[in-house]
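Engineer: In the working numbering, the protein residues as written are 128 to 340.
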Amino acid sequence: MPNHRLRTTLLLSLALATAVAAQASAAPILVTFDSEVLFSNPPNGFSTAESSEITFSDTLGSELFLVGDAGNKALAVLTDNDDSALFMQFNFLASELNLDFGNDKPGFANVGDSAVLTAFLDGTQVGQVSVPLNLNTVMDQNISFDAALFNSAIFKYDVDPALGLTEVVDNVAVTSAAPEPHAAVLFAVGAWVVGRACARRPRTGTGAPNEHA
Ligand SMILES: [Ca+2]
Ligand SMILES: [Ca+2]
Ligand SMILES: [Ca+2]
Ligand SMILES: [Ca+2]
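Here is the structure:
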């Protein structure tokens, strides 16, 4: 194999590796609420120490509340007979949202009631998913959305407001649609290297049989 072909193959491999690295580096931002003050009532628009890019609000009133225990806190939307829900705003374009939910008490919802996650892009709804509540009072369910790009979302228990089931969520994981800056730089470097390698390749007409292999 001529040297220039070997070099081009190696450089293409390098570019592919950097592209794969760029994809892999888009790790989600995870909000666990575990550094917050237990049994506090944060204001609407609050963010945790884990990310200032994700904010949380009550859709009606201001009744967010940190519940759980010292080792594992979660976020609740209290006073649920006002039929409010959890609003999440992302200061970036998101491609995937995943969260755990619980507090699904029997008697506070009916069999067949669901948790609903609705995604919005600049205020316009772009999709919705729902998961039936298993009504066991255990935080053992999960809901996720990745069908469109979005920058806000509402999580709500679709139950009779008179029953007053309070939404409780934890481990809110949000993936940004844009690659991390350092990954973008790596990708640009890879593309530049391949571009140079291709530019150095001899033009056709040299008669080198390997060019037509
Ligand atoms: Ca937690
Ligand atoms: Ca409320
Ligand atoms: Ca609610
Ligand atoms: Ca459950």
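Each residue gets a CB set at the ideal place from its N, CA and C atoms; glycine is no exception. Treat the numbers as computed from the prediction; the structure is a model and nothing was measured.
1. By how many angstroms is the C-alpha of residue 160 removed from the C-alpha of residue 198?
2. Who are the Cβ neighbours of residue 162 in its own chain at under 6 Å, not counting the five residues just before and after it?
3. Runs of 4 residues minimum, wholly inside the stretch 226-278: which ones carry the alpha helix (DSSP H) assignment?
4. Quick check on this structure: which residue in 284, 167, 324 has the alpha carbon closest to the alpha carbon of residue 201?
5. Is any non-hydrogen atom of ligand 2 found closer than 7 Å to the C-beta of residue 220, if you look at the structure I gave you?
6. In or out: residue 229 buried (at least 16 other Cβ within 10 Å) or exposed?
7. Excluding five sequence neighbours on each side, which residues of the same chain lie with their C-beta closer than 8 Å to the C-beta of residue 288?
8. Starting from residue 195, trace the beta strand (DSSP E) both ways and give me its first and last residue.
9. Note down the Cα distance separating residue 225 from residue 326, rounded to an integer number of angstroms.
10. List the whole-angstrom C-beta distance separating residue 290 from residue 219, where the pair is believed to meet the contact cut-off of C-beta under 8 Å.
11. Between residue 236 and ligand 3, is there a pair consisting of the residue's CB and a ligand heavy atom that are separated by less than 7 Å?
12. For residue 233, I'd like the list of residues in its chain whose CB is within less than 6 Å of its CB, leaving aside the five on either flank, ordered along the chain.
13. May I have all residues whose beta carbon comes closer than 6 Å to any heavy atom of ligand 1, sorted in chain order?
14. Any heavy atom of ligand 2 closer than 7 Å to the beta-carbon of residue 206?
15. Is residue 184 near residue 195, with beta carbons less than 8 Å apart?
Structural biologist: Looking at the coordinates:
1. 10 Å
2. 176, listed in sequence order.
3. Here no run is fully enclosed.
4. Per the Cα distances, 167.
5. no
6. buried
7. 207, 208, 209, 210
8. 191-196
9. 45 Å
10. With 8 Å as the limit, residue 290 and residue 219 do not qualify as a contact, their Cβ atoms being about 36 Å apart.
11. no
12. Excluding sequence neighbours, residue 233 sits near 262.
13. 159, 160, 161, 199, 200, 201, 297
14. yes
15. no
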